[in-house]
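Everything on this sheet refers to the single structure shown next.
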Amino acid sequence: MKNTFTRFSMLASKINRQHIQIVLAILALAMLVLGIGAPADGGAGIR
Amino acid sequence: MILLLALISGLLVGLGWAGWQHRPYQAPALQSTWLAFVAFFPQIVVAYWPATRHLLPDWLASIALLISLILFAAFAWRNRHLPGMPILLAGLALNFIVIVANGGWMPISPQTASRLTGNDILGLMSLGSRFGQKDILLLSQNTHFEFLADRLLLPAWFPYQVAFSLGDVLVSLGIFWLLAHPSVKARIPPKERVHLDYI
Numbered sequence: 028m029k030n031t032f033t034r035f036s037m038l039a040s041k042i043n044r045q046h047i048q049i050v051l052a053i054l055a056l057a058m059l060v061l062g063i064g065a066p067a068d069g070g071a072g073i074r
Numbered sequence: 006m007i008l009l010l011a012l013i014s015g016l017l018v019g020l021g022w023a024g025w026q027h028r029p030y031q032a033p034a035l036q037s038t039w040l041a042f043v044a045f046f047p048q049i050v051v052a053y054w055p056a057t058r059h060l061l062p063d064w065l066a067s068i069a070l071l072i073s074l075i076l077f078a079a080f081a082w083r084n085r086h087l088p089g090m091p092i093l094l095a096g097l098a099l100n101f102i103v104i105v106a107n108g109g110w111m112p113i114s115p116q117t118a119s120r121l122t123g124n125d126i127l128g129l130m131s132l133g134s135r136f137g138q139k140d141i142l143l144l145s146q147n148t149h150f151e152f153l154a155d156r157l158l159l160p161a162w163f164p165y166q167v168a169f170s171l172g173d174v175l176v177s178l179g180i181f182w183l184l185a186h187p188s189v190k191a192r193i194p195p196k197e198r199v200h201l202d203y204i
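From first to last, the protein sequence lines stand for chains A and B.
The first sequence begins at 28 in the numbering used here and counts up by one.
The second sequence begins at 6 in the numbering used here and counts up by one.
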């Protein structure tokens with residue numbers, strides 16, 4: 028348990044502000060392209 | 006899906022290029038990021054969330070879609086200085102024109118739609134009804150700006166089928182360039198970097 032907590036703490040300490048900024052930017056851009064694009068997906072094997 | 010594929014490809018190229026140059030990847034410096042989240046909300050309700058997409062009448066849903074597009078246009082315009090964003094804005098403009106001209110939905114012809122669903126399923130749909138998330142079934146001759154509609158298709162032998170517009174192509178190119186480009190900057194030699202630190 029303690030070991031898991033230590034690992035989690037180490038992982039959390041590696042996530043800095045820049046990582047969060049990248050994730051937010053990618054999320055916003057994903058919303059932008061999904062929002063302004065309008066392709067009609069047929070998917071695979073639907074024909 | 007093709008739009009997300011362009012986004013992921015651009016990100017991978019950007020990350021790969023940054024890694025090749027031993028530099029951290031720089032995310033695009035977006036302004037007014039909150040606007041993208043606000044703009045996307047109406048589309049979740051009317052297009053993407055299966056539980057709510059048929060709650061609103063079509064006329065109200067199309068208005069929500071147009072409001073969302075205008076908010077996205079404001080967001081893209083606010084970030085127009087970023088590489089790739091002018092191409093993306095051009096794609097947005099083309100999609101906006103054809104959507105507005107056809108009652109708030111992206112038109113798709115029955116011929117194109119039959120490639121996606123098959124004729125048996127398409128036979129159950131009537132002209133003018135919603136197709137997919139943001140499309141509407143319209144005959145080509147009844148479509149305004151038909152050349153901007155969802156009329157482009159992948160080759161028939163391709164396992165994944167999707168119909169997309171000229172605007173979608175530009176949006177895909179723009180997002181790819183935007184994410185692949187930020188890390189492409191001239192690397193400052195270590196000596197100069199030390200010098201700049203003193204300044």
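Note that CB positions come from ideal geometry on N, CA and C, so glycine has one too.
CA-CA distance, residue i and residue j?
| i | j | result |
| --- | --- | --- |
| A/A67 | B/M111 | 9 Å |
| B/L94 | B/L71 | 15 Å |
| B/W82 | B/T38 | 12 Å |
| B/L35 | B/I126 | 42 Å |
| A/N30 | A/Q48 | 29 Å |
| A/Q45 | B/F80 | 21 Å |
| A/G64 | B/L97 | 7 Å |
| B/A106 | B/S145 | 13 Å |
| B/L12 | A/L61 | 10 Å |
| B/L20 | B/L9 | 16 Å |
| B/E151 | B/V174 | 16 Å |
| B/L17 | A/F32 | 31 Å |
| B/S67 | B/Q138 | 11 Å |
| B/A118 | B/F163 | 16 Å |
| B/H186 | B/P88 | 7 Å |
Looking at the strands, I want to know which residues DSSP matches up with residue i.
| i | result |
| --- | --- |
| B/D140 | B/M111, B/F136 |
| B/V167 | A/D68 |
| B/L157 | B/F169 |
For residue i, which option in the options has the closest C-alpha, if you only look at C-alpha atoms?
| i | options | result |
| --- | --- | --- |
| B/S114 | B/L99, B/F136, B/L129 | B/F136 |
| B/A5 | B/F169, B/A161, B/N147 | Shown here, chain B extends from 6 to 204; a query on residue 5 of chain B therefore has no answer. |
| B/P62 | B/G109, B/V103, B/H86, B/Q26 | B/G109 |
| B/Y165 | B/R120, B/S14, B/L65 | B/R120 |
| B/F101 | B/G133, B/D140, B/L40 | B/D140 |
| B/F42 | B/P33, B/L74, B/L99 | B/L74 |
| B/V51 | B/S177, B/L178, B/A69 | B/A69 |
List, in chain order, every chain A residue whose beta-carbon is nearer than 8 Å to that of residue i.
| i | result |
| --- | --- |
| B/A2 | What is shown of chain B runs 6 to 204, which leaves residue 2 of chain B out entirely. |
| B/T38 | L51, A52, A55 |
| B/P33 | A52, L56 |
Strictly below 7 Å CB to CB, what residues from chain A border residue i?
| i | result |
| --- | --- |
| B/D173 | G64, A65, P66 |
| B/M6 | D68 |
| B/I102 | Within 7 Å Cβ-Cβ: nothing; B/I102 doesn't reach chain A, min ~12 Å. |
| B/I113 | A67 |
| B/P55 | Simply none; closest approach about 14 Å. |
| B/V176 | V60, I63, G64 |
Under 9 Å Cβ-Cβ, which residues of chain A neighbour residue i?
| i | result |
| --- | --- |
| B/G128 | Neighbours of B/G128 on chain A: none; closest Cβ ~14 Å, over 9 Å. |
| B/P29 | Q45 |
*Can you list, in chain order, the residues of the stretch 58-78 of chain B whose Cβ is nearer than 7 Å to any Cβ on chain A?*
S73, L74, F77
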